[in-house]
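Before any comments, here is the structure.
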Amino acid sequence: MQKLLYVQLGDQITDQIRQGLYKVGERLPSVRELSKREQVSIATVNTAYANLEQRGWIEAKPKSGYFVRRSCLETVGLPETSNLKPKPRHMSVNELAMEVQRGVSNKKGSSFCAAVPDLNFPISKIIQRTYVSQAREGITFDQGYGSPEGLYELRQQIARRALGAGIQIGVDELITTAGAQNALALALRALTKPGDIVAVESPCYFGLLQMIESFGLKSIEIPTDAKDGMSIDALKLALQQWPIKVVLSIPAYSNPLGCVMPNENKQALMQLLQQYDIAMIEDDIYGELQFEGHRPKAVKAFDEEGRVLWCSSVSKTMDPKLRVGWIAPGKYYAKILHQKYVNSISLPSLPQSVAAQVMAQGQFDRHLRQARETYRQRAQHLIDLAQMHFPSEMRASSPQGGLVVWFEMPKKIDGTQLYYQCREREVRIAPGELFSVTGLYQNCFRMSFAKPWTLESEQAVAMIGLQLKEMMIKN
Ligand SMILES: Cc1ncc(COP(=O)(O)O)c(C=O)c1O
Numbered sequence: 070m071q072k073l074l075y076v077q078l079g080d081q082i083t084d085q086i087r088q089g090l091y092k093v094g095e096r097l098p099s100v101r102e103l104s105k106r107e108q109v110s111i112a113t114v115n116t117a118y119a120n121l122e123q124r125g126w127i128e129a130k131p132k133s134g135y136f137v138r139r140s141c142l143e144t145v146g147l148p149e150t151s152n153l154k155p156k157p158r159h160m161s162v163n164e165l166a167m168e169v170q171r172g173v174s175n176k177k178g179s180s181f182c183a184a185v186p187d188l189n190f191p192i193s194k195i196i197q198r199t200y201v202s203q204a205r206e207g208i209t210f211d212q213g214y215g216s217p218e219g220l221y222e223l224r225q226q227i228a229r230r231a232l233g234a235g236i237q238i239g240v241d242e243l244i245t246t247a248g249a250q251n252a253l254a255l256a257l258r259a260l261t262k263p264g265d266i267v268a269v270e271s272p273c274y275f276g277l278l279q280m281i282e283s284f285g286l287k288s289i290e291i292p293t294d295a296k297d298g299m300s301i302d303a304l305k306l307a308l309q310q311w312p313i314k315v316v317l318s319i320p321a322y323s324n325p326l327g328c329v330m331p332n333e334n335k336q337a338l339m340q341l342l343q344q345y346d347i348a349m350i351e352d353d354i355y356g357e358l359q360f361e362g363h364r365p366k367a368v369k370a371f372d373e374e375g376r377v378l379w380c381s382s383v384s385k386t387m388d389p390k391l392r393v394g395w396i397a398p399g400k401y402y403a404k405i406l407h408q409k410y411v412n413s414i415s416l417p418s419l420p421q422s423v424a425a426q427v428m429a430q431g432q433f434d435r436h437l438r439q440a441r442e443t444y445r446q447r448a449q450h451l452i453d454l455a456q457m458h459f460p461s462e463m464r465a466s467s468p469q470g471g472l473v474v475w476f477e478m479p480k481k482i483d484g485t486q487l488y489y490q491c492r493e494r495e496v497r498i499a500p501g502e503l504f505s506v507t508g509l510y511q512n513c514f515r516m517s518f519a520k521p522w523t524l525e526s527e528q529a530v531a532m533i534g535l536q537l538k539e540m541m542i543k544n
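Just remember that this note's numbering sits 69 ahead of the position in the sequence shown, which is counted from 1.
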């Protein structure tokens, strides 16, 4: 039997409250608005609202309308979902990756799952102030669309900073992008067609694996050493056997291993690129986050033929919310610019202008010096805690920079199961399953050390250790 119209309407509203469309204390649409939107009579809306009020979902305020009642969510609750016991279920890697990504913004508990920088350094205040002052001055809005290449002042700052990576490029050899992810996507799109093979590191940052899959490309996972990065010998072998179209690598503080490719290997890699006449997409997003000494030279610094497309962003050094990145595409410049133009014409000027202004200030380099030392100490603390609490058979990467540590456990540990068990306790890690398309890292997981340590986060590491030890006994 069909439900009465006012009941249907009431159900619709309670669903919307559950889904967070209307939060506690928020005003609901007026009777007239709702009647018009849902094409039902005023009387039906009045009855639906009266019924919801009676059931404690909403309350009427004289002359103001209906509001979601403060207590309704606590009293009514969500029995079906809140009683569900989270347990491992088969999910595609894409779904699992999205789920892990969503956990980043979960304010409860301790999150080690994302490589997000600490946003409590003084630079964040400077970014905020610059944003406000730039917006107030409105200097970036006077010309309609920005140029497809991107804001000149930003490209100028990037070209100057590139010198630190040993890269000599002009302002007109750079294109700004919406973060490094966008730069990498533009590069892959411009260089490949569906079915082509891309050589990647193994383990590989899942954002890259997902992108490769979504473009209909195939990835070939090249063994990657926790100290020296992608194995040149293994890449050589793969190139002999497969028609690889492009090499995609994170040579400086790779995600998740935190390793750095030595300069000799970068030169050997360049020779291979020349021999096989292929391109390389270099993801240098962590290049300026070294723990000690100078930042590593980019592979691009050894590139005399424009084969390397150098990609990076301010997401790890300033704030990922700015969505400001760039690409120096070498001889593929025209293709990339066209790709960017057809995808978005140009980018919002304000964040680009903010990033340029911040880079131009001395405080940015001071911030980087502080951030590098802080991250070094936090990484060490994570490894110390892991040694204290995790099973003695564990292996851990020893990052020389970046924001993450990679843990490898005995084969009987299931990283995805660990992820769900931790999530149940409001603790987030990134399961190893995400970092390969061939299921190589089920017994691994990645943890970020970017945030300041607190008693709660230290206890969370101890809790992870407990779960691991239980799994060692049970499995
Ligand atoms: C290796 C790597 N490349 C690219 C990205 C995406 O960077 P962005 O936020 O600048 O798009 C990330 C983000 O975590 C990353 O770790």
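All C-beta atoms, glycine included, are put in the ideal place defined by N, C-alpha and C.
It should be emphasised that the depicted structure is a prediction, and the values quoted were computed from it without experimental measurement.
The segment 254-316 is shown to contain whole beta strand (DSSP E) runs of 3 or more residues at 266-271 and 287-294, in chain order. Assignment of K130 by DSSP, reduced to helix, strand and coil, places it in the strand class. Within the model, the alpha-carbon separation for G172 versus R497 is close to 7 Å. With fewer than 16 other CB atoms across the displayed protein chains lying within 10 angstroms of its CB, P521 is exposed.
Distance from the C-beta of P389 to the nearest heavy atom of ligand 1 is below 8 Å. Taking a C-beta distance under 9 Å as the contact criterion, I86 and V137 qualify as a contact pair. If you look at S418, you'll find it in the alpha helix (DSSP H) that goes S418 to A429.
Between R447 and A519 a beta carbon distance of about 7 Å is seen, short of the 8 Å cut, so the two are scored as contacting. With fewer than three CB-CB distances shorter than 8 Å, the segment 217-227 does not count as touching the segment 250-263. A distance below 9 Å separates the beta carbons of L78 and E107.
According to the DSSP assignment, M349 belongs to the beta strand (DSSP E) that extends over A348 to D352. Scanning the segment 441-521 for uninterrupted alpha helix (DSSP H) segments of 4 residues or longer gives 484-493, listed from N- to C-terminal end. With respect to the C-alpha of V269, the residue from T293, L503, A256 and L255 having the closest C-alpha is T293. Beyond the five residues adjoining it in sequence on each side, L472 comes within less than 6 Å, by CB distance, of A184, S517 and A519 in the same chain, given in chain order.
Residue burial annotation: E351 is buried, with at least 16 other C-beta atoms found within 10 angstroms of its C-beta. In the DSSP annotation of this structure, the continuous segment of the alpha helix (DSSP H) that includes G79 starts and ends at L74 to R87.
The beta carbons of G298 and M330 sit about 4 Å from each other, so the pair counts as a contact at 8 Å. Cβ contact annotation for L260 (same chain, cutoff 6 Å, sequence separation greater than five): V315 and A348, in chain order. Counting of Cβ neighbours within 10 angstroms places V114 among the buried residues, the total reaching 16 or more. Bounds of any beta strand (DSSP E) do not take in G534; it lies within the alpha helix (DSSP H) bounded by L524 to K543.
G362 and I482 have their C-alpha atoms roughly 37 Å apart. In the three-state scheme derived from DSSP, where H, G and I count as helix and E and B as strand, I405 is classed as helix. Under the three-pair Cβ rule at 8 Å, the segment 373-382 counts as touching the segment 394-413. Short note on N251: C-beta closer than 8 Å to some heavy atom of ligand 1. Taking the C-beta atoms as reference points, P460 is found nearer than 9 Å to K538. Pairing Q439 with D187, the inter-Cα distance amounts to about 12 Å.
Counting only runs of at least 4 residues, the segment 167-236 fully encloses the following alpha helix (DSSP H) elements, listed from N- to C-terminal order: 191-206 and 221-231.
Between Q421 and T199 a beta carbon distance of about 12 Å is seen, past the 8 Å cut, so the two are scored as non-contacting. Our two residues, V93 and S104, have alpha carbons roughly 22 Å apart in a direct line. Under the three-state reduction of DSSP output, Q359 falls in the strand class. For G276, the distance from the CB to the nearest heavy atom of ligand 1 is below 8 Å. Residue pairing of I396 in beta bridges, as defined by DSSP: I244 and C380. Its Cα nearest to that of G534, the residue C491 stands out among L165, E502, A119 and C491. G134 has its Cβ no nearer than 8 Å to any heavy atom of ligand 1. Distances between the C-beta of S382 and the heavy atoms of ligand 1 include at least one below 8 Å.
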